[in-house]
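Heads up, the thing below is written out as structure tokens.
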Amino acid sequence: MYDLVLKNGMLVLPDDVFAGDLAVRDGRVAALGADLAGAAAETVDVSGMLVLPGAVDPHVHMELPVGGTRSCDDFLTGTRAAAAGGVTTILDFTVGSRETSMTDDLTARLEAAAASIVDYGLHAEVVGWTPARLVEMREVAERGVRSFKFFTAYAASGRRTGNGPLFESMKVLAELDAVASVHAEDESLIQARLELMGDGEKGCMTALGLSRPDLCEASAVREVAWLARRAGARVHIMHLSSALGLEEVLEARRDGADITAETCPHYLLLTDAVYGREDARFYSASPALRKDGDREALWGALGSGDVDFLSTDHCPFTCAQKEWRGTFDRLPYGMGSVELMLPLAYSEGVLGGRFSLSDLAERTAAAAARRYGLWPRKGSLLPGADADIAVLDPTEEWTVSAEGLHSSCDFSPYEGRTVRGRVRETYSRGECVYRSGTFPARPGRGLFLAR
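If you read the sequence shown in our numbering, its first letter stands for residue 5, the second for the next number, and so on.
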């Protein structure tokens with residue numbers, strides 16, 4: 005007897021697409037096949053729907069403190085938005101500081117994340133590096149965190165980790181078989197650009213991209229990859245934004261580095277042309293938005309698998325939080341799109357002819373699950389996996405508006421964009437957590453995914 009059968013759907017796996025039924029028992033996928041509904045306690049007809057692995061968004065920032073404010077989604081509103089977009093697993097971050105231990109950071113973040121309605125894991129931020137951090141990294145790993153966030157920028161806040169400490173950290177990660185996840189921007193190049201700018205130049209949003217050019221991303225990727233290869237560590241480049249940075253990822257891979265990369269919807273769909281608009285401040289992000297050529301290079305790499313998977317870097321701020329304060333560097337950086345990753349990837353990627361349905365499952369679920377130690381429990385529809393499922397209507401055409409989304413944010417960078425394909429239902433471990441605008445699941449049902 006099955007607990008649930010989704011019948012007559014188009015089942016999408018990373019290596020196959022076929023019509024059939026999916027059966028769930030005890031929160032896991034029990035069977036794929038034909039005519040399974042006769043042995044089910046509950047049957048849902050998904051005729052005409054795509055049945056996809058629940059998406060894995062490996063890069064989100066819920067209630068993140070930034071410059072005296074916080075990103076406007078907490079773990080409840082943020083995971084509701086995720087569920088509405090077919091995302092069944094998120095990876096957020098501990099919030100590090102010079103004054104606290106990484107173990108205390110983890111405890112505090114787990115308390116905040118307990119409101120989630122989908123399952124979640126954490127990356128551990130390494131901030132304010134001292135040799136004691138190496139011990140703390142081992143302690144955090146024992147508690148189920150196997151990926152560590154490093155910054156090559158933001159020295160003023162203590163977040164930057166220099167090459168020496170980064171190399172020593174990577175040697176520990178190699179022993180732990182953990183991943184170094186890196187925000188790769190060259191601090192010295194950024195600071196030189198900022199010092200050459202007066203406040204007058206900073207008073208224009210076009211200066212954001214000039215202060216953090218593609219060169220600063222590429223330079224940092226090269227250094228980080230070189231260190232990782234010599235430390236024997238696995239490294240992941242977060243929010244890759246440029247063709248030049250992509251070149252360095254591919255070069256490092258050819259040289260033998262164990263390196264992966266993600267990109268985000270805003271680097272695929274937006275360009276720095278928005279910085280000339282009246283509402284430019286709402287598009288502040290780090291890395292900055294790039295040119296059309298960068299956008300197309302990233303689409304090509306996502307299609308070929310040279311960019312391994314999608315993330316959103318979901319870090320939304322309201323219009324009031326992004327009130328202009330005279331210069332671009334006083335803005336909080338980040339945008340929200342956790343609800344839109346899967347629909348945009350289908351609409352712009354699959355229907356845009358950039359990759360296949362199987363690629364969609366790979367880039368939005370399987371690849372991130374494998375890199376971060378969640379596979380085969382997450383990212384798959386194969387029997388034995390958690391029954392994390394997104395049911396997407398491939399024919400529904402709709403227009404993005406912040407008002408119609410489920411985030412707490414009153415702005416969407418994709419406002420007014422026409423999208424084809426919308427999530428109808430989302431299941432997390434066999435339980436319906438989203439159905440056509442409603443959230444049947446109770447707050448706090450999400451589980452921490454120790455890795």
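For each residue, glycine too, the CB sits at the ideal point set by N, CA and C.
Item to complete: Write down the C-beta distance between Thr-403 and Thr-422 rounded to the nearest angstrom, noting that I regard them as a contact closer than 8 Å.
Response: Yes, they are in contact, since the Cβ atoms of Thr-403 and Thr-422 sit about 6 Å apart, within 8 Å.
Discussion item. I want to see whether chain D comes within less than 7 Å of Val-176, judged by CB atoms only; does it?
Written reply: Within the model displayed, chain D is absent; a lone protein chain is all it includes.
Worksheet item: Leaving out the 5 sequence neighbours to the left and right, which residues in its chain are closer than 8 Å to Arg-84 when beta-carbon positions are compared?
Response: Closer than 8 Å at Cβ, skipping near neighbours: Ile-121, His-410, Tyr-438, Phe-443.
Item to complete: Taking only the alpha-carbon atoms, compute the straight-line gap between Gly-388 and Tyr-6 and give it to the nearest angstrom.
Response: Each residue's Cα considered, the two are about 14 Å apart.
Item to complete: Return the bridge partner residues of Ser-151 from the DSSP annotation.
Response: According to DSSP, Ser-151 bridges with Val-183.
Discussion item. Can you look up Glu-419 in the DSSP assignment and give me helix, strand or coil?
Written reply: If DSSP states are grouped into helix, strand and coil, Glu-419 belongs with coil.
Item to complete: Using alpha carbons as the reference points, say which of Gly-166, Val-21, Ala-43, Leu-17 lies closest to Val-28.
Response: If we check each option's Cα against that of Val-28, Ala-43 comes out closest.
Practice prompt. Report the residue ranges of all beta strand (DSSP E) runs contained in full by the region 369 to 403; include only those spanning at least 3 residues, in chain order.
Written response: Segments of the beta strand (DSSP E) lying fully in the region 369 to 403: 393 to 403.
Worksheet item: Do you know whose CA, among Asp-262, His-127, Gly-304, lies nearest Asp-96's CA?
Response: Looking at Asp-262, His-127, Gly-304, the one whose alpha-carbon comes closest to that of Asp-96 is His-127.
Fill in: 7 Å Cβ cutoff met for Lys-484 and Thr-73
It is not possible to answer for residue 484, since the shown part of the chain is limited to 5 through 455.
Worksheet entry | Own chain, CB closer than 6 Å to Gly-249, minus 5 neighbours either side, in chain order | Excluding the 5 residues flanking it on each side, Gly-249 has same chain C-beta neighbours closer than 6 Å at Glu-221, Ala-222, Val-225, in chain order.
Practice prompt. Excluding the 5 residues preceding and the 5 following Leu-344 in the sequence, name in chain order all residues of the same chain whose CB lies nearer than 8 Å to its CB.
Written response: The answer, listed in chain order, is Gly-89, Pro-269, Thr-316, Val-404, Leu-409, Ser-416, Tyr-418, Val-423.
Discussion item. Between Val-253, Leu-355, Ala-59, Arg-142, which has its C-alpha nearest Val-176's C-alpha?
Written reply: When only C-alpha atoms are compared, the closest one is Arg-142.
Worksheet entry | CB contact flag (Leu-17, Leu-385, <7 Å) | The beta carbons of Leu-17 and Leu-385 sit closer together than 7 Å.
Practice prompt. Under 8 Å by Cβ, that's how I've got Met-339 and Cys-323 pegged, so tell me the actual separation to the nearest angstrom.
Written response: So it is not a contact: roughly 12 Å between Cβ atoms.
Item to complete: Flag this pair as touching only if the region 147 to 156 and the region 178 to 185 have three or more C-beta atom pairs under 8 Å; answer yes or no.
Response: Touching, per the Cβ criterion.
Discussion item. For Gly-450, which residues in the same chain have their Cβ closer than 7 Å to its Cβ, ignoring the five residues on either side in sequence?
Written reply: For Gly-450, same chain residues with a beta-carbon under 7 Å away, outside a window of 5 residues either side, are Thr-83, Ser-120, Ile-121, Val-122, Asp-123, Tyr-124 in chain order.
Practice prompt. Measure the CB-CB distance between Glu-146 and Thr-107 and report whether it falls below 7 Å.
Written response: No. Outside cutoff.
Practice prompt. Classify Thr-430 as helix, strand or coil using the three-state DSSP reduction.
Written response: When secondary structure is reduced to three states using DSSP, Thr-430 falls in the strand class.
Practice prompt. Round the Cβ separation of Leu-26 and Val-9 to the nearest angstrom and send it over; I've been treating them as touching at under 8 Å.
Written response: So it is a contact: roughly 7 Å between Cβ atoms.
Worksheet item: For the beta strand (DSSP E) that contains Leu-344, what are its first and last residues?
Response: Premise fails: Leu-344 is in no beta strand (DSSP E) and is neither H nor E.
Worksheet item: So Arg-294 is in the beta strand (DSSP E); what residue range does that whole segment cover?
Response: Looking at the DSSP string, Arg-294 is not in any beta strand (DSSP E), and its letter there is neither H nor E.
Worksheet entry | Residue span of the alpha helix (DSSP H) that contains Gly-213, given as start and end | From DSSP, the alpha helix (DSSP H) with Gly-213 extends over 210 to 215.
Worksheet entry | For Pro-269, the three-state DSSP class (helix, strand or coil) | Reduced to three states, the DSSP call for Pro-269 is helix.
Discussion item. Going by DSSP in three states, Thr-92 sits in which element: helix, strand or coil?
Written reply: Strand.
Item to complete: Leaving aside the five residues before and after Arg-163 along the sequence, list all residues of the same chain whose C-beta is less than 6 Å from its C-beta, in chain order.
Response: Apart from the 5 residues on each side of it in sequence, Arg-163 sits with its Cβ closer than 6 Å to the Cβ of Val-131, Phe-155 in its chain, given in chain order.
Fill in: Lys-206: first and last residue of the uninterrupted alpha helix (DSSP H) it sits in
Residues 203 to 206.
Practice prompt. Starting from Met-106, follow the alpha helix (DSSP H) in both directions and report where the run begins and ends.
Written response: Here the alpha helix (DSSP H) through Met-106 covers 106 to 117.
Practice prompt. My understanding is that Leu-212 touches Tyr-279, with C-beta atoms under 8 Å, so please give their C-beta distance in whole angstroms.
Written response: Between Tyr-279 and Leu-212 the Cβ distance is about 6 Å, and since that is below 8 Å, they are a contact.
Discussion item. Using only the alpha-carbon positions, how far apart do Ala-284 and Arg-299 sit?
Written reply: Taking the straight line from one Cα to the other gives about 18 Å.
Discussion item. Taking a contact to mean a Cβ-Cβ separation below 7 Å, would you say Gly-357 touches Leu-396 in this structure?
Written reply: Taking 7 Å as the Cβ cut-off, Gly-357 and Leu-396 do not qualify as a contacting pair.
Worksheet entry | Where Leu-68 falls: helix, strand or coil (DSSP) | The three-state reading of DSSP puts Leu-68 in coil, since its state is none of H, G, I, E or B.
Worksheet entry | Pairwise C-alpha distance: Val-342 and Asp-61 | Rounded to the nearest angstrom, the gap between the Cα atoms of Asp-61 and Val-342 is 7 Å.
Item to complete: Give me whichever residues DSSP pairs with Ile-3 in a beta bridge.
Response: Outside the displayed range of the chain (5 to 455) lies residue 3, so it cannot be described from this structure.
Worksheet entry | Ala-34 - containing beta strand (DSSP E), residue span | 32 to 37 is the extent of the beta strand (DSSP E) around Ala-34.
Item to complete: Can you check DSSP and say which residues form a bridge with Lys-326?
Response: Paired residue(s): none; Lys-326 is not in a bridge.
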